[in-house]
Amino acid sequence: MIKRIKILLLASRPFSWVNTAFPFAAAYLLAGGQPGPFFTVGCLFFLFPFNLLMYGVNDVYDYESDILNPRKGGIEGAKIPKPYHRFVLGASTVICLPFALYLITANLIAALILALLLIDAVAYSAPPLRLKERPFIDSVSSSFHFAGPALFGLMAAGFNQQLVPAILALFVWGLASHAFGAIQDIEPDKQAGIGSIATALGQTATSWLCIALFVLAAIITSTYGAVSYILLAALSLYPLNVWWSWRTKNFNQGWRRWMWLNLLCGFVFTQIVLWRWYGW
């Protein structure tokens with residue numbers, strides 16, 4: 001039992017939990033939602049169950065390429081032994097179900113967004129769609145994994161048009177982040193016969209596309225004025241990280257820096273949310 005729990009935790013990639021839970025929490029609160037049962041269940045869902053579904057399915061159906069990928073086996077993705085594949089798929093479904101059934105009670109639009117999120121989380125890795133193998137669509141699908149929870153939080157709490165640019169910036173950031181992460185997997189993906197935006201464009205073109213998208217996300221964020229300037233300064237580190245990774249040809253190290261940049265920007269954005277929430 002302990003080993004099975006450990007496998008589920010590893011498959012859910014705890015280091016990345018905040019990337020889905022925080023967008024939901026921030027959007028929900030800034031859109032006018034109040035802390036309470038729905039907020040708590042939503043945060044818990046986007047912390048563990050949603051990530052278990054998304055990454056667990058990915059680890060199962062990417063097993064053949066993951067065992068060829070030296071960066072897998074830690075915080076960047078688990079190598080789930082084959083005997084546990086059926087368990088991971090079943091557990092991710094069973095754990096997600098009660099949370100999803102509760103959260104769809106928000107309203108029809110929010111329920112449709114949540115349904116699309118769950119479908120996308122599975123379709124990204126699982127056949128027959130395997131969206132991750134369809135260049136450009138792979139980045140769109142991956143980005144929705146992170147912008148989708150924010151969109152769900154926005155619609156569940158009540159629409160607030162002032163948050164639309166923030167969610168759009170998050171979506172553009174997600175496009176850039178996925179493409180950047182795909183660069184380091186070009187060789188193992190080619191060996192396994194897997195297509196991606198990076199295998200289609202190549203290392204250099206994908207790098208410059210990432211830089212352009214990160215800059216665009218920062219520009220969109222700047223529309224919020226003075227309150228966003230400190231976040232803008234943090235966001236400016238993303239294109240610099242891509243450029244340095246391209247120059248040194250060490251994209252895995254750049255990806256690890258990207259993970260820590262997420263924590264930095266998340267901390268800064270948390271302060272902004274608290275500032276807006278408490279009206280400081």
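The working numbering puts the first residue of the sequence shown at 1, with every later residue one more than the last. Ideal placement from N, C-alpha and C gives every residue a C-beta, glycine not left out. As the structure is a computational prediction, the values presented were derived from the model and not from experiment.
Own chain partners of residue i with C-beta closer than 6 Å, once the 5 adjacent residues on each side are dropped
i, result
"Tyr102", "Val41"
"Trp246", "Ser207"
"Ala205", "none"
"Leu201", "none"
"Ser139", "Leu175, His178, Ala179 and Ile197"
Alpha helix (DSSP H) segment containing residue i, residue limits
i, result
"Gly42", "Pro37 to Leu47"
"Lys6", "Ile2 to Ser12"
"Ala111", "Leu108 to Ala123"
"Ser222", "Unbroken run through Ser222: none, as it is neither H nor E."
"Ile197", "Ile197 to Leu201"
"Trp173", "Val164 to Ile183"
"Pro98", "His85 to Leu103"
"Lys190", "Ile186 to Gln191"
"Asp66", "Tyr63 to Asp66"
"Leu129", "Premise fails: Leu129 is in no alpha helix (DSSP H) and is neither H nor E."
"Ser143", "Ile137 to Ala157"
"Pro23", "Val18 to Leu30"
"Ser245", "Leu237 to Thr248"
Contacts around residue i, its chain only, beta-carbon distance under 7 Å, and the 5 residues preceding and following it disregarded
i, result
"Phe22", "Gly266"
"Gln203", "Ile183 and Ile186"
"Ser125", "Val57, Asn58, Tyr61, Asp62 and Lys132"
"Ser92", "Leu52, Leu53, Gly56 and Val57"
"Trp243", "Ile211"
Rounded separation between residue i and residue j - CA only
i, j, result
"Ala218", "Pro127", "35 Å"
"His178", "Met1", "34 Å"
"Leu216", "Leu170", "10 Å"
"Ile67", "Lys82", "11 Å"
"Trp208", "Asn241", "12 Å"
"Pro35", "Glu64", "43 Å"
"Val268", "Tyr229", "11 Å"
"Pro165", "Leu154", "12 Å"
"Gly193", "Ile137", "17 Å"
"Leu10", "Thr221", "33 Å"
"Ile80", "Ala123", "19 Å"
"Ile211", "Val172", "11 Å"
"Thr223", "Ile272", "14 Å"
"Thr270", "Ala26", "8 Å"
"Ile104", "Lys249", "45 Å"
Nearest to residue i (by Cα), restricted to the options the options
i, options, result
"Thr20", "Ala31, Leu44, Leu30 and Leu9", "Leu44"
"Leu282", "Phe214, Arg134, Ser245 and Trp246", "Because the chain in this structure spans residues 1 to 280, residue 282 falls outside the shown range and cannot be described."
"Ala115", "Pro149, Lys79, Phe39 and Gly56", "Pro149"
"Ala121", "Phe48, Arg86, Thr223 and Leu53", "Leu53"
"Ala156", "Pro35, Ser222, Ala234 and Ile109", "Ile109"
"Gly174", "Leu112, Asn262, Ala234 and Arg256", "Asn262"
"Tyr84", "Asp59, Ser16 and Cys96", "Asp59"
"Gln161", "Arg13, Ala147 and Ala31", "Ala31"
"Ser236", "Phe251, Trp258 and Lys249", "Trp258"
"Phe38", "Phe15, Phe87 and Asn107", "Asn107"
"Phe146", "Phe159, Arg130, Trp243 and Leu118", "Leu118"
"Ile113", "Phe24, Leu47, Pro49 and Leu89", "Phe24"
"Tyr238", "Ala11, Phe180, Ile5 and Ser143", "Phe180"
"Ala100", "Tyr55, Phe46, Gly56 and Leu131", "Phe46"
"Ser142", "Asn51, Arg4, Phe251 and Phe87", "Asn51"
"Phe87", "Ile197, Lys3, Phe152 and Ala176", "Lys3"
"Leu97", "Ala176, Phe48 and Arg13", "Phe48"
"Phe144", "Arg130, Leu129, Val18 and Ile167", "Ile167"
"Ala111", "Leu151, Lys6 and Val94", "Leu151"
"Gly195", "Lys249, Arg256, Phe251 and Leu129", "Leu129"
Near the ligand GTP: residue i beta-carbon under 7 Å from a heavy atom
i, result
"Ala157", "No copy of the ligand GTP occurs in the structure displayed, which carries no ligand at all."
Neighbourhood of residue i by C-beta, 8 Å cutoff - its chain only, sequence neighbours within 5 removed
i, result
"Thr199", "Pro135, Ala182, Ile186, Asp189 and Lys190"
"Ala234", "Leu261, Leu264, Cys265 and Val268"
"Gln253", "Ser245"
"Gly158", "Ala31, Gly32 and Gly33"
Contact with chain D by residue i, beta-carbon distance below 8 Å
i, result
"Ala218", "Protein chains in the displayed structure number just one, and chain D is not present."
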